[in-house]
Amino acid sequence: MQVSSLNEVKIYSLSAGRSLPEWLSDRKKRALQKKDVDIRRRIELIQDFEMPTVSTKIQVSRDGQYIMAVGTYKPRVRCFDTYQLSQKFERCLDSEVVTFEILSDDYSKIVFLQCGRFVEFHSQHGHYYRTRIPKFGRDFSYHYPSCDLYFVGASSEVYRLNLEQGRFLNSLQTEASESSVCDINPVHFLFAMGTAEGKVECWDPRTRNRVGLLDCALSSVTADTEIEGLPSISALKFDGALNMAVGTSTGQVLLYDLRSSNPLIVKDHHYGLPIKSIQFHHQLDLIISADSRIIKMWNKDTGKIFTSMEPEHDINDVCLYPNSGMLMTANEAPKMNIYYIPVLGPAPKWCSFLDNLTEELEETPESTVYDDYKFVTRKDLETLGLAHLIGSSLLRAYMHGFFMDIRLYHKAKMMANPFAYEEYRREKIRQKIEETRAQRVQLKKLPKVNKELALKLIEEEGEEQQISRKRRQKNLPSLLKDDRFKVMFENPDFQVDEQSEEFRLLNPLVSKISEKRKRKLKILEELEAQGQEEEEEPEGKASDAESSESSDDEKGWVEEVRKQRKLLRQEEKLKRQERFKEDQQTLLKPQFFEIKEGEEFRSFKDSAKKQKLMKKTLEDRLKLEEKLGTLNVSDTTVGSKQATFKLKKSEQQRKQQEAEKRHRQERKTLRRSASHLKSRRGRGRLFH
1 MQVSSLNEVK IYSLSAGRSL PEWLSDRKKR ALQKKDVDIR RRIELIQDFE MPTVSTKIQV
61 SRDGQYIMAV GTYKPRVRCF DTYQLSQKFE RCLDSEVVTF EILSDDYSKI VFLQCGRFVE
121 FHSQHGHYYR TRIPKFGRDF SYHYPSCDLY FVGASSEVYR LNLEQGRFLN SLQTEASESS
181 VCDINPVHFL FAMGTAEGKV ECWDPRTRNR VGLLDCALSS VTADTEIEGL PSISALKFDG
241 ALNMAVGTST GQVLLYDLRS SNPLIVKDHH YGLPIKSIQF HHQLDLIISA DSRIIKMWNK
301 DTGKIFTSME PEHDINDVCL YPNSGMLMTA NEAPKMNIYY IPVLGPAPKW CSFLDNLTEE
361 LEETPESTVY DDYKFVTRKD LETLGLAHLI GSSLLRAYMH GFFMDIRLYH KAKMMANPFA
421 YEEYRREKIR QKIEETRAQR VQLKKLPKVN KELALKLIEE EGEEQQISRK RRQKNLPSLL
481 KDDRFKVMFE NPDFQVDEQS EEFRLLNPLV SKISEKRKRK LKILEELEAQ GQEEEEEPEG
541 KASDAESSES SDDEKGWVEE VRKQRKLLRQ EEKLKRQERF KEDQQTLLKP QFFEIKEGEE
601 FRSFKDSAKK QKLMKKTLED RLKLEEKLGT LNVSDTTVGS KQATFKLKKS EQQRKQQEAE
661 KRHRQERKTL RRSASHLKSR RGRGRLFH
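Residues 1 to 688 (the UniProt record's numbering) are what the sequence shown spells out, left to right.
Take a look at the structure:
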């Protein structure tokens, strides 16, 4: 269970739990679940509360027992029974669902508006009836007194389907080119629809006439808001008999009283994304508005933010469980999120154990994500002396570093720096003492780090104050008092090294003003050492003298740069001489080289020749090989060139080839002599 807090409002994410690294295999995850008690005790409020790929809409039945959600892929609807904390049924559909509504108290009567202009009715046993509307639909509402379904979409007409008679009635003709959302007031059944032109049209279902028109696009543009293009209506919700909330495609939420054409309040999400859902929480007078990135809860009277949530994945729909503090979202991810906010209300009766759990969690400290693993960089591994583990199974590469077991990390840290805790303890004690000293009446003291820079800033601040008094301007804030730069005067790592090469080249002119500042620093340090309470600043010179000094400094700039460069060269020469002396003092040890098999050692000159050859270009090497006869380049009939290479032979290979040639010649001579003897014997027999 992950816990987040904003404006002191605790939000418990029940679907997240304690997460495991994604790169762990299923086998290792199962092994961890067996071994680790914390992972085994993760809260899975409703079993398999997810979709295969994406969930688009989510609703709760009026009796509160069933939660229904639609998603992809394949298009399907899933019903979850809260009393059993598991899935009741799953039904696959022919096309994706745009929106749906539960007409009965339970799951027995459901209407689905689908992408292909289809309207599908489901009963308790499953699919019941399917019909089609003339244009693509985007939203619909059910009028309970007359059993009429009002469909709005890519048309200027509002289609009416009567479920009692089972036929379409005369449609309502509007001024809008197309409509995106609609809603019916639960008290007086006024029908309202939001158009693409940024207007809200209100119709009386009894007379089938338009009774009101609100221009929300014009009202949403205020001095603080920045919009691009014409805002269209993306969300609409009634609250009681008189209040109505409207969400625009540019990220504004407008709260209206039906008796006025001007909004009571305009709330901007500042993301520029269309509002997806609007819900009302009557106990705390809150409005819960959501776009694809964030869910905001704010007071409907003042507009003050109560709290907000930013899920990991984009939001498609938000559903508030009635009379409780539970919130559910449909996301662009398989898992549907469940949040519990105790401030909004108690947990539902089917999961009343959540109240006890949250009370226990408030007493214990919050656990962080990936408790069993520590993320370390390559530099951290070098400081701990574990750089040799890179590539082993103990480290898992991730982004710019590695994941390692937290137990191994703590052991290595204790071995690398056994007195780390003592140093940490001393530092904390020192900080506590300084905090208590800060409460006393203090004199103006310079910081311990970057004293010269602080003195320079104080002097510049004094000069700026004098100029601003003359010109009657506001004083700018001081860097010494700014919290963003406080560490620069506290942490020794930020100390300016004036002897470094970079500093000396960037700031070559050591002027009289800086020398005066150094003298002033010495005086202040002496006063601090003696423990005097008052610090007397040395008197400065007149403004004319200072101006003459500044002009002298400007003239001597080039000379000072040359001096600094000469000094740097001299220092480099001294360093070279010292290195040369060290090299002479060090005794050279003999080095042994291994010769490959089949090669004979001639001299060190051969290796030098090879190195020279390797440094030459490919063209030069080819010319050399042509001269030696190891390369032969010839033109082909097609027009391209053909190159043949002869491999260089070693001395041993040459000797072996010469011996083989001799052996072949000896065998040839023996064969010739044997054949000559045979022919002579044959001739002798013939004569006999």
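Backbone N, C-alpha and C define an ideal beta-carbon position, used for all residues, glycine too.
- Grouping DSSP H, G and I as helix and E and B as strand, with all else coil, what is Ala241? coil
- Whose CA, out of Arg167, Ser146, Glu498, Glu175, lies closest to the CA of Val152? Glu175
- Query: Within this structure, are the beta carbons of Ile133 and Tyr159 separated by less than 8 Å?
  - Reply: yes
- Message: Taking the straight line between their C-alpha atoms, what separation do you get for Asp355 and Pro346?
- Response: 7 Å
- DSSP on Gly462, reduced to helix/strand/coil? helix
- 8 Å Cβ cutoff met for Cys92 and Lys74: yes
- Message: In the DSSP assignment, the beta strand (DSSP E) including Thr383 goes from what residue to what residue?
- Response: Segment 378-384 is the alpha helix (DSSP H) holding Thr383; no beta strand (DSSP E) there.
- Count the C-beta pairs between the stretch 277-286 and the stretch 311-328 that are closer than 8 Å, then say yes if the count reaches three, no if not. yes
- Query: How is the beta strand (DSSP E) around His410 delimited, first residue to last?
  - Reply: Per DSSP, His410 belongs to no beta strand (DSSP E); it is in the alpha helix (DSSP H), 406-416.
- Query: What are the boundary residues of the beta strand (DSSP E) that Lys276 is part of?
  - Reply: Premise fails: Lys276 is in no beta strand (DSSP E) and is neither H nor E.
- Cutoff 6 Å; reference His269; Cβ partners in own chain excluding five residues on either side: Gly251, Asp291
- Item | Arg117 versus Asn209: straight-line alpha-carbon distance, rounded | 26 Å
- Query: Going by C-alpha distance, which of Glu310, Asp285, Ser352 is nearest residue 691?
  - Reply: With the chain covering only 1 through 688, there is no way to say anything about residue 691.
- Item | Delimiting residues of the beta strand (DSSP E) encompassing Ala176 | That residue, Ala176, is in no beta strand (DSSP E); it is neither H nor E in DSSP.
- Message: For Thr72, tell me which candidate among Ile43, Glu90, Arg662, Arg569 has the shortest Cα-Cα distance.
- Response: Glu90
- Item | Beta-ladder partner(s) of Glu582, from DSSP | Answer by DSSP bridge pairing: none, since Glu582 is not bridged.
- Spatial distance of Leu622 from Gln653 (CA atoms): 24 Å
- Residue from Glu625, Phe306, Asn262 whose Cα sits closest to the Cα of Asn243: Asn262
- Item | Residue span of the beta strand (DSSP E) that contains Asp204, given as start and end | 199-204
- By a C-beta neighbour count over all protein chains shown, 10 Å radius and 16 as the cutoff for buried, is Val487 buried or exposed? exposed
- Item | Inter-residue spacing [alpha-carbon to alpha-carbon] between Lys28 and Tyr409 | 21 Å
- Task: Please determine, among Lys432, Glu382, Met399, the residue with the shortest C-alpha to C-alpha distance to Lys413.
- Result: Glu382
- Message: Below 8 Å on the Cβ atoms is my contact criterion, and I expect Asp139 with Thr99 to pass it. Report the Cβ-Cβ distance as a whole number of Å.
- Response: 6 Å
- Query: Helix, strand or coil: how does DSSP classify Thr617 here?
  - Reply: coil
- Please go through the same chain and pick out, in chain order, the residues whose beta-carbon is closer than 6 Å to the beta-carbon of Glu435, but skip the five residues on each side of it. none
- Taking the alpha helix (DSSP H) that Cys216 falls in, what are its first and last residues? 216-220
- Item | Whole-Å CB distance - Pro311 paired with Phe238, under 8 Å assumed | The Cβ separation is near 27 Å, so there is no contact.
- Message: Quick check on Met336: does DSSP put it in helix, strand or coil?
- Response: coil
- Task: Give a single yes or no on whether Ile315 has its beta carbon closer than 7 Å to a heavy atom of the ligand GTP.
- Result: Among the components of this structure there are no ligands whatsoever, and the ligand GTP is therefore not found.
- Query: Does the separation of the CB atoms of Cys182 and Phe168 fall below 8 Å?
  - Reply: no
- In the DSSP assignment, find the alpha helix (DSSP H) that holds Leu32 and state where it starts and stops. 26-35
- In the structure shown, what three-state DSSP assignment does Tyr424 receive? helix
- Where do the ends of the beta strand (DSSP E) carrying Met68 lie? 66-72
- Sequence-distant residues of the same chain with beta carbon closer than 6 Å to Arg62, five excluded per side: Asp105
- Message: Suppose contacts are defined by Cβ-Cβ distances below 8 Å. Is Ile338 in contact with Leu85 by that definition?
- Response: no
- Considering only the beta carbon of each residue, do Phe485 and Pro447 sit closer than 8 Å? no
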